[in-house]
Amino acid sequence: MANLKEIRNRIKSVKSTQQITKAMKMVSAAKLRRAQDNIIMLRPYAGKLRDLIDNLQGNSSEAEALSPLTENRSLDKVLIVVVTSNKGLCGAFNANVNKGTVQLIQEKYSEQYKAGNVSLLCIGKYGFEFFNKRKFNILDNKNTDLFSQLSFDRVNEVADRVISGFVQKEWDRVEVVFNEFKNVATQRRVNEVVLPISMPEQTGGGKTSSVDYIFEPGREEILSDLLPKSIKIQLFKAVLESNAAEHGARMTAMDKATENANELLGKLKLYYNTARQAAITKELLEIVGGANALESN
Amino acid sequence: MKTLHADIVTPDRKIFSGEVQSIQLPGSEGSFEILFNHAPIVATLETGKIRIKTADGKTELIKGVGGVVEVSNNKVSVLLEKAESI
């Protein structure tokens, strides 16, 4: 009989776990929609900015000379921005980024790493904890928390820090590692070089000169005003993508968990019924046996 | 009255989109206004008020921080870092 009670308790606890995973899935679905909206809202701005920069640069060598942000220096010091999440329970989401970052360091920057010149900027608690435990060189030695209140302003501050560090030669290259949101079920890990800015190759030659703009104050000033903006946008986009991907990953993980709980419940119920049936049979046998014993007396 | 199309966007959202008669902007070299058939221009903006006169004659004010404006073919695109309507 005690066995029956144990199974009943077990069923109850699985059921309540299932309720939690179900609720988390629902919450993630709602948050995912908002995160996707944010990405869509960024698109017009990002698109216009890109058009404008494309329009402004006559030829790439000229633009490179103009701005310290496009300067290709010898690779001594590297900063890697690692975008993870603040919360777990989202499958391999964070492990993917952490693993990818380690791989990136081993493959591309092993020399710099040996010299102790690879720093990490951790956005999100999970990346920070992972690399802190492994004694990596973390910038400011803290988790740069953006997700508790995600806004362009906050990303802006981080971007300013990254840009000023590059200009002051604290690092010669900045790369960002994050999960790109492909669709609800799939995320793709991406590495992007943020700094120095690589100027896209001019295609189709004279196409850009078709509009004869007036520049105020001047073309160079405008371009040097726009380039940091494009970095900020790139970083903001990475953070937004990662945010959407996180919710997508959590949604899938929680969906799987709910499904697994269902399966477990089915098995437990079967087991419970078998045990109950066995107990009843046993009782019947006892009664029949008892009656027989009385009769034979 | 001939109108031109204006889009005002920030990274967070679209602030304004529609037909306007004129749009007054705080350029970094001084305030200026854009009317129909303005020559193509790209200009950086200071922090300040943007005054829009919409096609139906209403006036809208937007406070913008740091941005750039591009005008070509009677299309105005204003990119701001931060903005709020007032």
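Sequence lines, in order, name chains A and B. Counting from 1, position 183 in the first sequence corresponds to residue 185 in this note's numbering; the numbering is continuous, with no gaps. Counting from 1, position 30 in the second sequence corresponds to residue 36 in this note's numbering; the numbering is continuous, with no gaps. By construction, the Cβ of each residue, glycine as well, lies at the ideal position given by its N, Cα and C atoms.
Our two residues, LYS50 of chain A and SER166 of chain A, have alpha carbons roughly 25 Å apart in a direct line. Under DSSP, LYS59 of chain B shares a beta bridge with B:SER28, B:THR65. Contact holds between the region 83-97 of chain A and the region 124-139 of chain A, because three or more Cβ pairs, one in each stretch, are under 8 Å apart. Of the residues A:ASP142, A:ARG35, A:ARG190, A:VAL186, the one whose Cα lies closest to the Cα of VAL179 of chain A is A:ARG190. Rounded to the nearest whole angstrom, the CA to CA distance from TYR215 of chain A to GLU222 of chain A is 13 Å.
Counting of Cβ neighbours within 10 angstroms places LEU34 of chain A among the buried residues, the total reaching 16 or more.
Burial check for MET28 of chain A: the Cβ neighbour count within 10 Å stays below 16, so the residue is exposed. About 21 Å separates the Cβ atoms of LEU44 of chain A and VAL48 of chain B, ruling out a contact at the 8 Å cut-off. Legend: CB atoms of the region 216-235 of chain A lying less than 9 Å from CB atoms of chain B belong to residues ILE216, PHE217, GLU218, PRO219, ARG221, GLU223, ILE224, ASP227, LEU228, LYS231, LYS234, ILE235. Here ALA89 of chain B is buried. Its C-beta has 16 or more other C-beta atoms within 10 Å. Your pair VAL196 of chain A and GLU177 of chain A checks out as a contact, with CB atoms roughly 7 Å apart and the cut at 8 Å. Counting C-beta atoms within 10 angstroms of its own C-beta, ALA25 of chain A has fewer than 16 neighbours from the protein chains shown and is therefore classed as exposed. LEU228 of chain A: member of the alpha helix (DSSP H) spanning 221-298, first to last residue. Neighbours of ASP214 of chain A in chain B, taken as residues at a C-beta separation under 9 Å, are given in chain order as ALA45, PRO46.
For LEU71 of chain A, no CB of chain B lies under 9 Å from its own CB, so it is not counted at the interface with that chain. For ALA259 of chain A, same chain residues with a beta-carbon under 7 Å away, outside a window of 5 residues either side, are THR23 in chain order. Taking the CA atoms as reference points, GLN30 of chain B sits about 33 Å from ARG163 of chain A. With fewer than 16 other CB atoms across the displayed protein chains lying within 10 angstroms of its CB, SER76 of chain A is exposed. Not flagged as an interface residue toward chain A: ARG57 of chain B, since no C-beta distance is shorter than 9 Å. Burial of ILE40 of chain B is indicated by the presence of at least 16 other C-beta atoms within 10 angstroms of its C-beta. A Cβ-Cβ distance of about 6 Å is found for the pair LEU237 of chain A and VAL157 of chain A, placing them in contact under the 8 Å criterion. Contact annotation: GLY250 of chain A and ASN185 of chain A have beta-carbon atoms nearer than 9 Å.
The region 83-118 of chain A contains, as complete alpha helix (DSSP H) runs of 4+ residues, the segments 95-110, 112-116 (chain order). Comparing alpha carbon positions, the residue from B:GLY63, B:LYS20, B:VAL82, B:GLY73 closest to LYS55 of chain B is B:GLY73.
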